[in-house]
Every structure is written in C-alpha cells, then in structure tokens.
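Q: Below you will find the structure I want to go over with you.
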Amino acid sequence: MEKNCLDCGSALKGRADKKFCDDQCRSNYNNRIKADESKEVKRINGILHKNRKILIALNPEGKTTVAKQRLEEVGFNFNYHTHRYQTNKGSIYIFCYEYGYLPIENDYYLLVKND
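Going by the working numbering, 19 is the number at position 19 of the sequence shown; the sequence numbering is gapless.
Structure representation (structure tokens):
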C-alpha cells in the first residue's frame, strides 16, 4: 500500500510511519491546520477589542452611566466578555478586559474601569 504526503499528495518513500515528503510540506501542513484553528479565536478577539474600545470611548472619566441603546448604536456586542465579577452585595459586573459594565434600571448601564 502506497502512502502519500499529507500536504502535496506525492508518493512517500522510506519509513513506514512517514507522513510528509520533506520539511517544507510538514511546515505547510501544520501552518494550514494552525491557521484554520485560529480563525475563530481571531474573530472573538476582534469582538472583544471592539467592545473594549467602545467602553473606553464612552467612559473617559472611569465611571459613568449610558443607555443600552447608545451601546447598541455604536456596535457593542453584549454576547462577548472576558470575565464577570460579583460584589459582596450580589451585583454582577461584566468585563471586557479592564473595562466593565453593570446593568442598572431602565435599560441603563454603569460603565466602570477596574484599576
């Protein structure tokens, strides 16, 4: 049974467990696999960075309130965040890196910066 290179498909000669015809094919194959896996990570990181930029722009003083509608207008994505923090009183702040928000009454959010 003839084995073929996983990258270019050419016939392999030599060891029975050989998978690639040379180092270039091995490198090409592994780089392609890595690129496919990291597309989703890059997409999610892009959303997180955009959310962070929005929070920075709307919260220059470090603490302010803003309407949910305003966040949506500028493209904030509420489905993605880096972590949550629960206070002793039970309030849950949602963060994108060091910038966070707390849902408050009437579709408003308290924006904060964690120093």
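Don't be surprised by glycine CBs; every beta carbon is placed ideally from N, CA and C.
Tell me the DSSP secondary structure of Gly14 in three-state form.
A: coil
Q: Going by other Cβ atoms of all chains shown within 10 Å of its Cβ, with 16 needed for buried, is Ile92 buried or exposed?
A: exposed
Q: Go through its chain and collect everything with a Cβ distance to Asn58's Cβ below 8 Å, but skip five positions before and after it.
A: The question names Asn, but residue 58 in the sequence shown is Leu. Thr64, Val66, Arg70, Leu71, Val74, Leu111.
Q: Distance check for Phe76 and Lys50, CA to CA, integer angstroms please.
A: 7 Å
Q: Counting C-beta neighbours from all protein chains within 10 Å, is the total for Phe95 16 or more, i.e. buried, or is it exposed?
A: Buried, by the Cβ-count rule.
Q: Taking 8 Å as the threshold (C-beta atoms), are Lys68 and Asp36 in contact?
A: In this structure, the beta-carbon distance from Asp36 to Lys68 does not fall below 8 Å.
Q: Measuring only the C-alpha atoms, how far is Phe20 from Thr82?
A: 39 Å
Q: For Asn4, I'd like the list of residues in its chain whose CB is within less than 7 Å of its CB, leaving aside the five on either flank, ordered along the chain.
A: Ser10, Ala11, Leu12
Q: Give the list of continuous alpha helix (DSSP H) stretches no shorter than 4 residues that lie fully inside the stretch 40 to 76.
A: If only complete runs of 4 or more residues are kept, the stretch 40 to 76 shows the alpha helix (DSSP H) at 68 to 73, in order along the chain.
Q: What did DSSP end up calling Cys96 once you bin it into helix, strand or coil?
A: strand
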